[in-house]
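Participant:
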Amino acid sequence: HTLQTVCGGDGTLAFGKGLSDPDEPDVWLRDFTGATRLWIEAGQPDEVALTKACRQADQVVLYTFSHAAEVWWKGIQNKLTRLANLSVWRIPAEQSQALAALAQRSMQLQATLQEGTLMLGDATRHVDVEPLRWK
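Note that our numbering has the sequence shown beginning at 68, numbered continuously upward.
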């Protein structure tokens with residue numbers, strides 16, 4: 068969805084330092100000038116981290132996935148309304164757990180995106196992910 072639109076064929080999608088460096092995203096798309104076009108986070112970052120990301124990137128996409136996501140969202144939702152370049156997506160807990168079960172140390176996955184559903188699978192299993200847009 069957003070990735071294809073923002074990328075437009077320009078730039079490099081790469082993993083950031085995310086967990087070890089709060090100044091970098093989990094995944095980002097930088098164009099050939101070094102500008103951050105897309106900042107992708109997973110989890111439940113605080114308002115300060117999201118505001119900083121929105122200042123540094125053209126678009127910020129957050130995927131939240133844990134059982135506590137609803138509680139986190141109720142506490143932060145009103146604080147994020149002014150961040151126009153932020154999108155927040157909720158991956159339902161059951162789908163998140165199915166994705167975790169699909170993960171292997173060395174894996175090759177096939178991905179298909181159709182009508183808002185991401186289908187990820189390997190040679191023997193597949194998981195359908197239908198993220199819910201919160202913002």
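All C-beta atoms, glycine included, are put in the ideal place defined by N, C-alpha and C. Quick caveat, the model's predicted, so the values are computed rather than measured.
Does the Cβ of S173 have 16 or more other Cβ atoms within 10 Å, making it buried, or fewer, making it exposed?
Facilitator: Answer is exposed; the Cβ neighbour count stays below 16.
Participant: Taking only three categories from DSSP, how would you classify C74?
Facilitator: Because C74 sits at a pLDDT of 47, beneath the cut-off of 50, its placement in the model cannot be relied upon, and the following sentence gives the value as read from the coordinates. Three-state DSSP puts C74 in a helix.
Participant: Would you kindly report the start and end of the unbroken beta strand (DSSP E) that includes T184?
Facilitator: Residues 184–188.
Participant: Quick check: what's the CA-CA separation for S163 versus F132?
Facilitator: Rounded to whole angstroms, S163 to F132 spans 6 Å at the Cα level.
Participant: If you follow the beta strand (DSSP E) that A170 is in, where does it begin and where does it stop?
Facilitator: Looking at the DSSP string, A170 is not in any beta strand (DSSP E), and its letter there is neither H nor E.
Participant: Using only the alpha-carbon positions, how far apart do P159 and A102 sit?
Facilitator: Rounded to the nearest angstrom, the gap between the Cα atoms of P159 and A102 is 32 Å.
Participant: Can you tell me whether DSSP reads S133 as helix, strand or coil?
Facilitator: coil
Participant: Is it the case that the Cβ atoms of P89 and A109 are separated by a distance below 8 Å?
Facilitator: no
Participant: Rounded to a whole number of angstroms, what is the C-alpha to C-alpha distance between T118 and L150?
Facilitator: Cα to Cα, T118 sits roughly 7 Å from L150.
Participant: Are the C-beta atoms of A170 and some chain B residue less than 8 Å apart?
Facilitator: Among the chains of the structure shown, chain B does not appear; only one protein chain is present.
Participant: By DSSP's criteria, E108 is part of a beta bridge. Which residues make up the other side?
Facilitator: L129
Participant: Could you tell me the distance, in whole angstroms, from the CA atom of E137 to the CA atom of N145?
Facilitator: 13 Å
Participant: Does the beta-carbon of R192 have 16 or more other beta-carbons within 10 angstroms, so that it is buried, or is it exposed?
Facilitator: In the assembly as shown, R192 is an exposed residue. Its beta-carbon has fewer than 16 other beta-carbons within 10 Å.
Participant: If you drop the 5 nearest sequence neighbours on each side, which residues of the same chain put their C-beta closer than 7 Å to that of L176?
Facilitator: L187, G188, D189
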